[in-house]
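Undergrad:
Protein chains in written order, with this note's numbering: chain U, 1 to 433; chain Y, 1 to 614.
(1) Please confirm whether residue 315 of chain U has its beta-carbon closer than 8 Å to some beta-carbon of chain Y.
(2) Quick check on residue 184 of chain Y: does DSSP put it in helix, strand or coil?
(3) Per DSSP, what are the beta-bridge partners of residue 91 of chain Y in this structure?
(4) Closer than 8 Å, CB to CB, is residue 216 of chain Y near chain U or not?
(5) Which class does residue 86 of chain Y belong to by DSSP, given the choice of helix, strand or coil?
(6) In the DSSP output, which residue or residues are listed as bridge partners for residue 271 of chain Y?
(7) Measuring only between beta-carbons, confirm whether residue 392 of chain U sits less than 8 Å from chain Y.
(8) Considering only residues of the same chain and omitting the five flanking positions on each side of residue 617 of chain Y, which have a CB-CB separation below 7 Å?
(9) When you compare each of Y:214, Y:96, Y:64, Y:144 to residue 232 of chain Y by their alpha carbons, which one comes out closest?
(10) Looking only at DSSP bridge pairs, what is residue 164 of chain Y linked to?
(11) When the Cα of residue 328 of chain U is compared with those of U:366, U:33, U:399, U:186, which residue comes out closest?
(12) If you draw a straight line from the C-alpha of residue 348 of chain U to the C-alpha of residue 19 of chain Y, how long is it?
(13) Are the C-beta atoms of residue 105 of chain Y and some chain U residue less than 8 Å apart?
(14) Suppose you measure from the CA of residue 341 of chain U to the CA of residue 24 of chain U; what does that come to, to the nearest Å?
(15) Please list, in chain order, all residues of the same chain as residue 176 of chain U whose beta carbon is under 7 Å from its beta carbon, the five residues on each side excluded.
(16) Can you list, in chain order, the residues of its chain whose CB lies under 6 Å from that of residue 42 of chain U, leaving out five sequence neighbours each side?
(17) Between the stretch 369 to 399 of chain U and chain Y, which residues of the former have CB atoms less than 9 Å from a CB of the latter, in chain order?
(18) So, helix, strand or coil for residue 325 of chain U, using DSSP?
(19) Closest by CA to residue 243 of chain U, which one among U:253, U:254, U:230, U:255?
(20) How would you write the range of the alpha helix (DSSP H) that residue 361 of chain U sits in, first residue to last?
(21) For chain U, is any of its Cβ atoms less than 8 Å away from the one on residue 36 of chain Y?
(22) Which residues in chain Y sit within 8 Å of residue 196 of chain U, going by Cβ to Cβ distance?
(23) Throw me the rounded Cβ distance for the residue 199 of chain Y and residue 227 of chain Y pair, which I believe falls under 8 Å.
(24) Nearest to residue 171 of chain U by CA position, among U:183, U:187, U:233, is which residue?
(25) Check the DSSP bridge columns for residue 206 of chain Y and list the partner residues they point to.
(26) Among Y:508, Y:306, Y:249, Y:404, whose alpha-carbon lies nearest the alpha-carbon of residue 600 of chain Y?
(27) Taking its Cβ as the centre, do 16 or more other Cβ atoms sit within 10 Å of residue 272 of chain Y, making it buried, or is it exposed?
(28) I want to see whether chain U comes within less than 8 Å of residue 602 of chain Y, judged by CB atoms only; does it?
(29) Closest by CA to residue 148 of chain U, which one among U:118, U:180, U:164?
(30) Kindly indicate which residue of Y:95, Y:521, Y:214, Y:152 has the alpha-carbon position closest to the one of residue 127 of chain Y.
(31) Please classify residue 341 of chain Y: does DSSP put it in a helix, a strand, or coil?
(32) Quick check on the DSSP output: the alpha helix (DSSP H) that includes residue 388 of chain Y runs from which residue to which?
(33) What does a CB cutoff of less than 7 Å around residue 331 of chain U pick up in its chain, not counting 5 residues either side in sequence?
(34) With a threshold of 16 other CB atoms inside 10 Å of the CB of residue 52 of chain Y, please say whether the residue is buried or exposed.
(35) Would you mind telling me which residues of chain Y sit closer than 9 Å to residue 361 of chain U, beta carbon to beta carbon, in chain order?
(36) Looking at residue 560 of chain Y: is its Cβ nearer than 8 Å to the Cβ of residue 547 of chain Y?
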């Protein structure tokens, strides 16, 4: 075994470099997004860019502290950290401050802390610890159930805070489970379910007139369609006896899904939530209401052109046409002021970051570090895909931040912790037996 | 385990796939699709129109007829309407109902949630003073300054016309206009629209999402200032115009007065008329509707658009044609025994001495004499068609039955039948001078506007020609004769010496004939009365005149509907007009009083009401 030297030699500087690029670019763009001629100093802490600089500074301190902590601390205290975070998530529902309809914050003095940001890290830690336990087999139902419980528990608590966006992030862990042995067909079933979900909403709005004066609602109509398709498959297949059970299961599951989506959509979701989904699917056009954000965001990004309008020159950005621009819609600033070149750069850096993490995962000796690494990549990817996707109209408007970029102390700290714990694990990988 | 190891490639593939999809989408949105760039400009650039003030309009003596007064459009931005809005107070302030308020808000929201639209149009300065004090209580509302036409003299409504907001079809056809612009809709305002309107200016401002100005776009590189419209001086004499309107009050009809030496129109009176201030601002559409429903039809411009037969006034024209065609000499005599007879045909005439010569025929307005003259003109040619065609040419040379090309819109052509008309009506070759002999005394199919008649008088006054009539004198201090090449001398093709004979006779008409009620001691007035047969009611009273006899300064035609004899209403009114214009004093106040008090509208109504109750 090689003599271990200072962690500085083993740390993956490329990953840290990519992290630094994103954080710095984010800070510059937050400055542009809230740019105000009256407060020109980028260090002015009364403004968001000044505050973000404070967050960046403290995040750097956090990162260094993490690199100095022994890697075993995280595996040892994984469940305890998870438990504490769950408690905080519960507590915030009771004594949290409400902002924009969600009670996700603890207000401490002038600052606000959002425990749901940190729970991603904690959940990842707990999941990695559980799945890296010896003699764990993904094939076992018990394993799956416990893993899913670890994931779903914080998600439910966050849903109770009325913060749907943050709760959906936990769906990203399905990639971790897949990597650790979850059947690939479950992924496919997920894709098919998503397809059915969209189709249900598509057909839901209308009722259909059939011959003989029979009128049916959209979901029933869709069920009949599926039945027709499955019947066709049945008759075109020679092994009729083998597939009949299979096809029947598909049919029953599909109808169950359709009907429950129909029910959830009409009876469970808040009107603004179902409206957002409808607008995204193009089922409803509402450029002044729910579609306003996306429309203005597209205008901002689209008007940037190939090379952008120039730093601090974006009119959409400067004159506040895009709501939430320093947080959820920060990508608009890049699109408008830096154009396609800037967008390309940001996406390229994110891709490099994600692929680098995957690369580092592959060289981990410990299952714990590897699983944790996949969790990091999955969470970052989910945020990246949804956040940028929504700004360019490819994903529903779910208010989750762009990692390292968006304004906000909690999210920057949480992502920094998430990433640097993995960097620390990677740096210490050779010490693991 | 090897199997699971390879799953990282699938995960990597998902990551890269999403990245590539994003890049393709971004390339499309940012590089290929241009419309987002336009949308961004629409978002941030606000074009603030600088409305020019419309040109002022003066009369020939420099009296102001039309000027602009500030008015205020109340603008509204739906987005800025607060949740707690004092609707009741606001409606009281604006004097509107709450339903009206709600409707307007819905309309504004339908137009745009973020952009300003006009909430209440053309609020007068008086109302604005009250609203302004409290407007700060009502976020979402602000005012934009406009100008409204004001008519201090309340006269010549039909000449001046009115101004209104441009309609969508004009916007489509004409690049200059955009929604909210004012445009001349009738009268002078329409005819001289391009001079009067001036040039719109713009200021392009950058605004933020709350519509707050963030300064000029490109430091004002694309801005332009508004250029006021050109001022217009009319040939109208406001004093004479107003006097004519007073004389015609409670009567239907028209007065047109022209300076024959220049073709300048001195007065263009149409009665009943209306106060031009009614068709301004918020009340316009309401008032317009009321006026258009009025049974007296005050919106109808009788001077240019009413078609009357000329009646006996037309005899002077037939005399001139006869003289020029050499079928008549001043000494030609015709007998008249209470009318004209030919076979079974008979046309009545009033009692006067017989035989009659040219001079006396005009003086006494003898029907018989002109039936003979007219027939001799036509019958001088081999066929009636040929003869009639020659006669018709002379008539149209006086500008009758043709547009006078006056610089006002919607002028009527009038009507003198073409030979083909009679061919169709009676069958070719089967009509003769006798068939159409009613033309001799200005009846039959003939139909001329008061404007055309005044123009005809102008030609007589000038002894042979008229100048194209016009109502604009100067545009932006430049004489109209230098601008409008259409103002020309039009010859009648009849020799001056013939006019002298007819003019002498017309002088006698006023001195001792049918037109003595137009006589003025100090001024030599020449005129001719007419009584226009009216199948719908009492005959129309008409009179044509000019003065002074030598070096004429004013030529005039007067129609008073249902006024009966020309001498009863039209002649005295013409006399008063001439005296007013030439000497600015009235020497016969008793006639003036009778004219001012004369009521041919309400009296008739009272009588018919009385009859109805009996």
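Quick reminder that beta carbons are idealized off the backbone N, C-alpha and C, glycines included.
Keep in mind the model is a prediction, meaning the values are calculated, not measured.
TA: Once the coordinates are examined:
(1) yes
(2) strand
(3) In DSSP, residue 91 of chain Y forms no bridge with anything.
(4) no
(5) coil
(6) Y:253
(7) yes
(8) Any question about residue 617 of chain Y goes unanswered here, given that chain Y covers just 1 to 614.
(9) Y:64
(10) Y:183
(11) U:399
(12) 8 Å
(13) no
(14) 17 Å
(15) 127, 371, 374, 375, 378
(16) 31, 49
(17) 374, 377, 378, 381, 384, 385, 388, 389, 392, 393, 394
(18) coil
(19) U:230
(20) 330 to 362
(21) yes
(22) Result: empty, since nearest Cβ-Cβ is about 20 Å, beyond 8 Å.
(23) 4 Å
(24) U:187
(25) Y:45
(26) Y:249
(27) buried
(28) no
(29) U:180
(30) Y:95
(31) strand
(32) 384 to 397
(33) 387, 388, 391, 402
(34) buried
(35) 8
(36) no
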